[in-house]
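Chemist: Following full-length UniProt numbering, the numbering of the sequence shown begins with 1 at its first residue and continues without gaps.
Glycine residues also receive a C-beta, built at the ideal position from the N, C-alpha and C atoms.
Structure provided below as structure tokens; questions to follow.
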Amino acid sequence: METFNHIDIKKYTREDLLYLRNTNNVLFKMFQKQVDEIACLSSKEQKLCGTLTSINNIINENYTIYCLIHTDGLIGFIKKIFNFMLKDNDISAFCLCYDNPSYKLQNFLKKYFSPCVLIKQPNHFVIFSNYFKNVSIKKVYERISN
């Protein structure tokens with residue numbers, strides 16, 4: 001857990017969530033409910049028929065979830081959690097592909113992470129215009145083969 005300005009960011013891996021489910025089911029259910037609520041809001045923002053994210057997806061697909069632990073308003077903290085996730089994965093925002101990002105996420109990315117253009121791909125992913133710049137052929141091959 002990392003702390004700044006009395007705000008904690010907690011990283012939950014598959015193992016963390018399985019441990020929580022097995023040791024404190026009440027807390028796990030509360031966390032699951034919060035993830036479900038956020039997933040519903042995300043789906044609504046993207047105008048999807050159903051939700052794509054659930055605690056089971058996170059566990060089964062071995063994803064990681066980053067959470068802000070704070071009770072007051074969270075204005076301005078999204079950038080901090082996004083930067084934490086980037087630092088934790090040793091990657092920059094323009095090196096990622098974004099799966100059907102909402103209008104709000106696209107504006108957030110443009111505002112804080114790159115002055116360049118976001119390019120929409122035919123498969124609904126979005127990349128930064130400099131996604132392929134400064135990437136060695138070896139790294140591109142590794143990305144394609146994985």
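1. Would you kindly work out how many angstroms separate the C-alpha atoms of F132 and A93, rounded to a whole number?
2. Suppose the cutoff is 7 Å on Cβ atoms and the five residues either side in sequence are ignored; what does the same chain contact list for residue 153 look like?
3. Once the 5 residues before and after I137 are set aside, which same chain residues still bring their CB inside 7 Å of it?
4. Please list the terminal residues of the continuous alpha helix (DSSP H) segment that includes F28.
5. Under the DSSP definition of a beta bridge, which residues are partnered with K11?
6. For the beta strand (DSSP E) that contains C118, what are its first and last residues?
7. Per DSSP, what are the beta-bridge partners of residue 215 in this structure?
8. Within 10 Å of its beta-carbon, does I91 have 16 or more other beta-carbons around it, so buried, or fewer, so exposed?
9. Is it buried or exposed for V35, if we count other Cβ within 10 angstroms and need 16 for buried?
10. I need the DSSP call for Y19, collapsed to helix, strand or coil.
Modeler: Let's see:
1. 13 Å
2. Since the first residue of the chain shown is 1 and the last is 146, residue 153 is not available in this structure.
3. With a pLDDT of only 47 at I137, under 50, the local geometry of the prediction cannot be trusted, and the value read off the model is given with reservation. Around I137: no qualifying Cβ.
4. 25-45
5. Y66
6. Cys is not the amino acid found at residue 118; the sequence shown has Leu there. Element bounds for L118: 118-120.
7. Only positions 1 to 146 of the chain appear in the structure, and residue 215 is not among them; the question remains open.
8. exposed
9. buried
10. helix
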